[in-house]
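Chemist: Position one of the sequence shown corresponds to residue 488 (the working numbering), numbered consecutively onward.
Backbone N, C-alpha and C define an ideal beta-carbon position, used for all residues, glycine too.
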Amino acid sequence: MRRFYTIIEIVLLLLIAASISADAAQVINDCNKLFNLGRYKEAAECFSRAADAKPNDPALKMIAGVAHANIKNYGAAAKYFGEASKLAPYNPLPYFLLEGVYTAQGRQNEAVQAHAKGEAALRSSAAGNQLNQVWNINASNVQTRSQLLEPVISAAALEKVVEANPDNAIAHNLLGDLYQLEGRFNEASAHYRSAVELAPNWPKPWFNLGMAELGVDPAAAIKSFLRVIQLDPNNTQAYMWLGDAYSAIGDLTNAMKAYNKAASDASIEAQARIRLGNIYQKQDKLEEAEKQFNKASAISPHDPTAAAGLAEVYQRQGMNSKSETEYKRAMKSANSAQQAVIVPRMSQVQIANGDYEKAIAELKNTIAKTPAYMEPIAMLAQAYMHANKLSQGIVEYEAALNRNPRDTVAMRFLLEAYKISGDREKRVSMAKRLVGVMPEQAADWYKEMGLALLELSKKDEALGAWQKGLDLQPGFDPACILKAVRSAGLIGELAAKYEERLQGGSADVYLTLSGIYEFDGDFANAVRVVKKLTEKYPSDQRYWILLGDEMIRAGDIGGAKQAYTKAARLPGSLTLQSLAVQKLKDLH
488 MRRFYTIIEI
498 VLLLLIAASI
508 SADAAQVIND
518 CNKLFNLGRY
528 KEAAECFSRA
538 ADAKPNDPAL
548 KMIAGVAHAN
558 IKNYGAAAKY
568 FGEASKLAPY
578 NPLPYFLLEG
588 VYTAQGRQNE
598 AVQAHAKGEA
608 ALRSSAAGNQ
618 LNQVWNINAS
628 NVQTRSQLLE
638 PVISAAALEK
648 VVEANPDNAI
658 AHNLLGDLYQ
668 LEGRFNEASA
678 HYRSAVELAP
688 NWPKPWFNLG
698 MAELGVDPAA
708 AIKSFLRVIQ
718 LDPNNTQAYM
728 WLGDAYSAIG
738 DLTNAMKAYN
748 KAASDASIEA
758 QARIRLGNIY
768 QKQDKLEEAE
778 KQFNKASAIS
788 PHDPTAAAGL
798 AEVYQRQGMN
808 SKSETEYKRA
818 MKSANSAQQA
828 VIVPRMSQVQ
838 IANGDYEKAI
848 AELKNTIAKT
858 PAYMEPIAML
868 AQAYMHANKL
878 SQGIVEYEAA
888 LNRNPRDTVA
898 MRFLLEAYKI
908 SGDREKRVSM
918 AKRLVGVMPE
928 QAADWYKEMG
938 LALLELSKKD
948 EALGAWQKGL
958 DLQPGFDPAC
968 ILKAVRSAGL
978 IGELAAKYEE
988 RLQGGSADVY
998 LTLSGIYEFD
1008 GDFANAVRVV
1018 KKLTEKYPSD
1028 QRYWILLGDE
1038 MIRAGDIGGA
1048 KQAYTKAARL
1058 PGSLTLQSLA
1068 VQKLKDLH
């Protein structure tokens, strides 16, 4: 996530660096009025004049580029984005904007180059986390309550730009994009909503709003994508994501209708058919799924997703030879992250055929190329078990760990192997080592540690391990520790531990405890805890918004209105004020 913070920090420096004169400000205000009235061609020309008058301002270049891209004047858009990239060569945003217009122009090679430059800019500015770019990622695991709880990195500076240009829908949309990059979808939605209020007939912020809502409120996303389609009936991408939104709420009939609409666009037909194939798989209509994946493969023979989908169908049909062939075809065009997903699935087929050595060899090869991914390592332990060689695998990787005490592949293999073999003491010991060597994933190791300790009848120590894991990201549980605690029947006892820590505790304790109650559906206690938090920190807008959210869950609409009103009136973040106002509007 750090790398996305860096996008914001760099863009903010660009945006606030421009000193706009009073005359220039009036020109921009005139441009805003034209744009918001839907006079997009005149607005684009106006923003061009503003950008040309300040040739060293990359922010105005980007705004002008967006205005031209909106009217499909991609040549001018590319010009402005290109100029912005030269003025700010270490800023990734102009490169990604360039990628979009090059793609629209069919300039695929240049689009790839622009994307690579954007990625390079990201890498040069921060090491950050790498997104797991594989297929079928389910956004429903995003936990909305955490989105207000991360620190606001430099956002106040960009808010000053928006505050100086409150009628600039493009600026609001860009700020929404930046928040969405951080995964802070509530704040992103607030700015997209401001953009659609200013420019209600501009499809872009409606589309972006739908994207921000998709993982946290797919029913709302449906409305946003339908609005995009109303404004732009030929927007097949909107149909694609509309299908995803319908699928997320379980409305597979409408999802399929939307995907079939998207399939009418040759440029995204393969993606649409892959999604249709996935739905048919869910419905156990494997012959229909096979047809869709075959069509997708014919359209895009080098798309690993289509080949992998076909392999899954054959696997479910017991056609293991054909399944392995398709997995191997997928491997040829897959990137390393995708291969880390494909190989464990292919190894299941190989294990079913009794080809244990082949599965072990394939998994080891993949792990050597992509050691960061856990799935191949976990499957390797399974392969050793099925081959009746788990003890041999343990000896092999214990020896590797003796040679290199910081060998994280060996540690993770042994953690999984000890779990399978039932060696709880060694499982606890290995989890402790991983906490020290791989602290970025410490929550996962604390979860495993707690489960092993519980199996050793060390309940208090297990609860202590889980608390350490939850304390790493207060109010957020990416490792699903609470799910493990609930399966053990210990949610009440864990909550009691945090209740004991409330007295004199930091805001983090309140946030985690309220999250535990929310997870358990005890909204009354969640409200009680967050109320105490607002009493302790009465000037923090985030906690008042969180209180409003918890009150809605508890059915106290009147109380929620009061909490949001308080947040909207407090001085501080313009984004949080806007978010509180939008939440109030939703209640009317």
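Could you pull out every residue in the same chain whose Cβ sits closer than 7 angstroms to the Cβ of GLY605, ignoring the five residues on either side in sequence?
Modeler: Locating residue 605 in the sequence shown gives position 118, where the first residue counts as 1. Its chain contains PRO579, TYR582, PHE583, GLU586 as the residues whose beta carbon lies nearer than 7 angstroms to that of GLY605, once the 5 sequence neighbours on both sides are disregarded; these appear in chain order.
Chemist: Cα separation between GLN960 and ALA939?
Modeler: For the purposes of this step, residue 960 is taken as the residue at position 473 of the sequence shown. For the purposes of this step, residue 939 is taken as the residue at position 452 of the sequence shown. Using only the alpha carbons, I get a separation of about 22 angstroms.
Chemist: Could you tell me the boundaries of the alpha helix (DSSP H) in which ASN852 lies?
Modeler: Position 365 of the sequence shown, counted from the first residue, corresponds to residue 852. Residues 843–856.
Chemist: Are the Cβ atoms of PHE448 and ALA551 separated by less than 7 angstroms?
Modeler: There is simply no residue 448 to check, as the chain begins at 488 and stops at 1075 in what is shown.
Chemist: Where does MET925 fall in DSSP's three states?
Modeler: Here residue 925 refers to the residue found at position 438 of the sequence shown. If DSSP states are grouped into helix, strand and coil, MET925 belongs with coil.
Chemist: Using 10 angstroms around the beta-carbon of LYS769, count the other beta-carbons present and answer buried if the total reaches 16, otherwise exposed.
Modeler: Here residue 769 refers to the residue found at position 282 when the sequence shown is read from its first residue. Per the 10 Å Cβ criterion, exposed.
Chemist: When the Cα atoms are used, what is the spatial distance from ASN741 to THR723?
Modeler: Numbered from its first residue, the sequence shown carries residue 741 at position 254. Numbered from its first residue, the sequence shown carries residue 723 at position 236. Their Cα atoms are separated by approximately 15 angstroms.
Chemist: DSSP on HIS678, reduced to helix/strand/coil?
Modeler: Translated into positions along the sequence shown, residue 678 becomes position 191. In the structure shown, HIS678 sits in a helix (DSSP, three-state: H, G or I).
Chemist: Could you check the C-alpha separation between PRO720 and MET806 for me, to the nearest Å?
Modeler: Against the sequence shown, residue 720 aligns to sequence position 233. Against the sequence shown, residue 806 aligns to sequence position 319. Going by the C-alpha atoms only, they are around 42 angstroms apart.
Chemist: Find out if the Cβ-Cβ distance for the pair GLU674, LEU957 is shorter than 7 angstroms.
Modeler: Numbered from 1 along the sequence shown, position 187 holds the residue referred to as residue 674. Numbered from 1 along the sequence shown, position 470 holds the residue referred to as residue 957. It is not a contact, given that the beta carbons lie outside the stated cut-off.
Chemist: Within the same chain, show all residues whose beta-carbon is closer than 8 angstroms to that of GLU942, passing over the 5 residues directly before and after it, in chain order.
Modeler: As a working mapping, residue 942 is identified with position 455 in the sequence shown. Here the set comprises ARG911.
Chemist: Are the beta-carbon atoms of VAL896 and PRO858 separated by less than 7 angstroms?
Modeler: Position 409 of the sequence shown, counted from the start, is the residue given in the question as residue 896. Position 371 of the sequence shown, counted from the start, is the residue given in the question as residue 858. Yes, Cβ-Cβ distance for VAL896 and PRO858 is below 7 angstroms.
Chemist: In this structure, how does DSSP classify ASP1073 when only helix, strand and coil are distinguished?
Modeler: In the sequence shown, counting from the first residue as 1, residue 1073 sits at position 586. Of the three classes helix, strand and coil, the one that applies to ASP1073 here is helix, per DSSP.
Chemist: Of the choices LEU981, GLY1059, ASP731, GLN717, whose alpha-carbon is the least far from that of ALA708?
Modeler: Position 221 of the sequence shown holds residue 708. It is ASP731.
Chemist: With DSSP as the reference, label MET806 as helix, strand or coil.
Modeler: Stepping through the sequence shown from its first residue, residue 806 is reached at position 319. In this structure, MET806 counts as coil in the three-state DSSP scheme.
Chemist: Pull up the distance between the alpha-carbon of LYS778 and that of HIS1075, whole angstroms please.
Modeler: Here residue 778 is taken as the residue at index 291 of the sequence shown, counted from 1. Here residue 1075 is taken as the residue at index 588 of the sequence shown, counted from 1. Between LYS778 and HIS1075, the C-alpha separation is close to 47 angstroms.
Chemist: Using the C-alpha atoms, what's the distance from PRO705 back to SER734?
Modeler: Locating residue 734 in the sequence shown gives position 247, counting from the first residue. Locating residue 705 in the sequence shown gives position 218, counting from the first residue. One alpha carbon belongs to SER734, the other to PRO705, and they sit about 9 angstroms apart.
Chemist: Whole angstroms is fine: what's the gap from GLU775's alpha carbon to ASP738's?
Modeler: Position 288 of the sequence shown, counted from the first residue, corresponds to residue 775. Position 251 of the sequence shown, counted from the first residue, corresponds to residue 738. Those two C-alpha atoms are separated by around 18 angstroms.
Chemist: Measuring from the CB of LYS744, is there a heavy atom of the ligand NAD at a distance below 6 angstroms?
Modeler: Although the ligand NAD was asked about, the structure shown includes no ligands whatsoever.
Chemist: May I ask you to report which of helix, strand or coil DSSP gives SER1065?
Modeler: Sequence index remark: in the sequence shown, residue 1065 carries index 578 (1-based). SER1065 falls in the helix class under three-state DSSP.
Chemist: In terms of residue numbering, what span does the alpha helix (DSSP H) encompassing TRP689 cover?
Modeler: As a position in the sequence shown, residue 689 is number 202, starting the count at 1. Taken as a continuous stretch (DSSP letters only), TRP689 belongs to no alpha helix (DSSP H), as it is neither H nor E.
Chemist: Using three-state DSSP, classify ALA765 as helix, strand or coil.
Modeler: Working through the sequence shown from its first residue, we reach residue 765 at position 278. The amino acid at residue 765 is misidentified as Ala; the sequence shows Asn. Here ASN765 sits in helix by DSSP.
Chemist: Where does the unbroken alpha helix (DSSP H) through VAL588 begin, and where does it stop?
Modeler: Position 101 of the sequence shown, counted from the start, is the residue given in the question as residue 588. From DSSP, the alpha helix (DSSP H) with VAL588 extends over 579–592.
Chemist: Return the CA-CA distance between TYR527 and GLN869, expressed in angstroms with no decimal places.
Modeler: As a working mapping, residue 527 is identified with position 40 in the sequence shown. As a working mapping, residue 869 is identified with position 382 in the sequence shown. For TYR527 and GLN869, the gap between their C-alpha atoms comes out near 59 angstroms.
Chemist: Under the rule that 16 or more other beta-carbon atoms within 10 Å means buried, what is ASP947, buried or exposed?
Modeler: Against the sequence shown, residue 947 aligns to sequence position 460. When all chains shown are included, ASP947 counts as exposed.
Chemist: Compute the distance between the beta-carbons of LEU685 and ALA658, then report whether it is under 7 angstroms.
Modeler: For the purposes of this step, residue 685 is taken as residue 198 along the sequence shown, with counting starting at 1. For the purposes of this step, residue 658 is taken as residue 171 along the sequence shown, with counting starting at 1. Cβ distance not < 7 angstroms, so LEU685 and ALA658 don't count as in contact.
Chemist: Can you confirm whether the region 1050–1067 touches the region 1022–1042 when touching is taken to mean that 3 or more C-beta pairs between the two stretches lie within less than 8 angstroms?
Modeler: These segments touch.
Chemist: Could you check whether LYS548 and GLU570 sit closer than 7 angstroms to each other, using their CB atoms as the reference points?
Modeler: Residue numbering aside, residue 570 sits at position 83 when the sequence shown is read from its first letter. Residue numbering aside, residue 548 sits at position 61 when the sequence shown is read from its first letter. For GLU570 and LYS548, yes; Cβs fall inside 7 angstroms.
Chemist: Would you identify the three-state DSSP class for PRO791, choosing helix, strand or coil?
Modeler: Residue 791 sits at position 304 when you count from the first residue of the sequence shown. Looking at PRO791 - three-state DSSP - the assignment turns out to be helix.
Chemist: Counting only the same chain and skipping the five closest in sequence on each side, list residues whose C-beta sits under 7 angstroms from that of LYS984.
Modeler: Mapped onto the sequence shown, residue 984 falls at position 497. So the qualifying residues of the chain are LEU950, GLN954.
Chemist: Within 10 angstroms of its Cβ, does VAL639 collect 16 or more other Cβ (buried), or is it exposed?
Modeler: Walking along the sequence shown from the start, residue 639 turns up at place 152. Annotation note: pLDDT 41 at VAL639 (below 50); position unreliable, coordinate value reported separately. The residue is buried, with at least 16 neighbouring Cβ atoms inside 10 Å.
Chemist: Starting from LEU729, trace the alpha helix (DSSP H) both ways and give me its first and last residue.
Modeler: Residue 729 sits at position 242 when you count from the first residue of the sequence shown. 723–735 is the extent of the alpha helix (DSSP H) around LEU729.
Chemist: How many Å lie between PHE1010 and SER711 at the Cα?
Modeler: By 1-based counting over the sequence shown, the position of residue 1010 is 523. By 1-based counting over the sequence shown, the position of residue 711 is 224. Between PHE1010 and SER711, the C-alpha separation is close to 29 angstroms.
Chemist: Assuming ALA821 is part of the alpha helix (DSSP H), what are its boundary residues?
Modeler: Taking the sequence shown and counting its residues from 1, one reaches residue 821 at position 334. Looking at the DSSP string, ALA821 is not in any alpha helix (DSSP H), and its letter there is neither H nor E.
Chemist: Measure the C-alpha to C-alpha separation of PHE522 and VAL514 and round it to an integer number of angstroms.
Modeler: To locate residue 522, count along the sequence shown from 1; it is residue 35. To locate residue 514, count along the sequence shown from 1; it is residue 27. Annotation: PHE522 to VAL514 spans about 12 angstroms, alpha carbon to alpha carbon.
Chemist: Assign SER754 to one of three DSSP states: helix, strand, or coil.
Modeler: On the sequence shown, residue 754 is found 267 positions in, with the first residue counted as 1. In this structure, SER754 counts as coil in the three-state DSSP scheme.
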